[in-house]
Structure formats: C-alpha cells, structure tokens
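Encoded as structure tokens, the structure appears first; notes follow it.
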C-alpha cells in the first residue's frame, strides 16, 4: 500500500517533468491506477479487520481521481 501511495504524486511529478503532453497524460493515468490500487487495498484491509472505517479516505481518493480525470480530459482536448 505504501508503494501505491507514493506512486500517485511521484507519477504526476514525473509526467509533468517529461516535457511532452502525451507522456504527462500517460503518467496521469498511471497515478489514477495507483489510486484504484489504494482503494482496493483499503477495502480489503477493512474486510480483514485491520482497519476500521475507510469511508472518508475512499471519498478523498474518489475526489483526487476525479481531479486527475478532469486534467486528463483537459489535456486530451487541447
């Protein structure tokens, strides 16, 4: 889970530094995939009883995923 959490901002940063819009979009998709991984791992951890309520965290993940989706759409339509 730590790897996926670190992967989100790292991929956004790396994509922005690549210099091409195509690469940036690709890395934004990777960051969104990492968010999905985090969500899945949190839900599994909750079901296994390792953590309690993950509702607020899942909401934040969905918000960030939506923001990334908006940025991706904006860049694709340029």
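Residue numbers (the working numbering): 156 to 233. For glycine and all other residues, C-beta sits at the position ideal for the given N, C-alpha and C. These numbers were taken from a predicted model, which means no experiment stands behind them.
1. What is the rounded straight-line gap between the Cα of residue 170 and the Cα of residue 190?
2. Per DSSP, what kind of secondary structure is residue 218 in: helix, strand or coil?
3. Would you be able to state if there are at least three C-beta pairs under 8 Å between the segment 221–233 and the segment 173–191?
4. Taking the runs of the alpha helix (DSSP H) that are 4 residues or longer, which of them lie wholly in the segment 179–232?
5. At the level of alpha carbons, what is the spacing between residue 180 and residue 203?
Reading from the atomic positions:
1. Here the question's residue 170 lines up with position 15 in the chain shown. Here the question's residue 190 lines up with position 35 in the chain shown. C-alpha separation (whole angstroms): 16 Å.
2. Counted from its first residue, the chain shown places residue 218 at position 63. Three-state result, residue 218: helix.
3. yes
4. 210–231
5. The count along the chain shown starts at 1 and reaches residue 180 at position 25. The count along the chain shown starts at 1 and reaches residue 203 at position 48. Roughly 35 Å separates the two Cα atoms.
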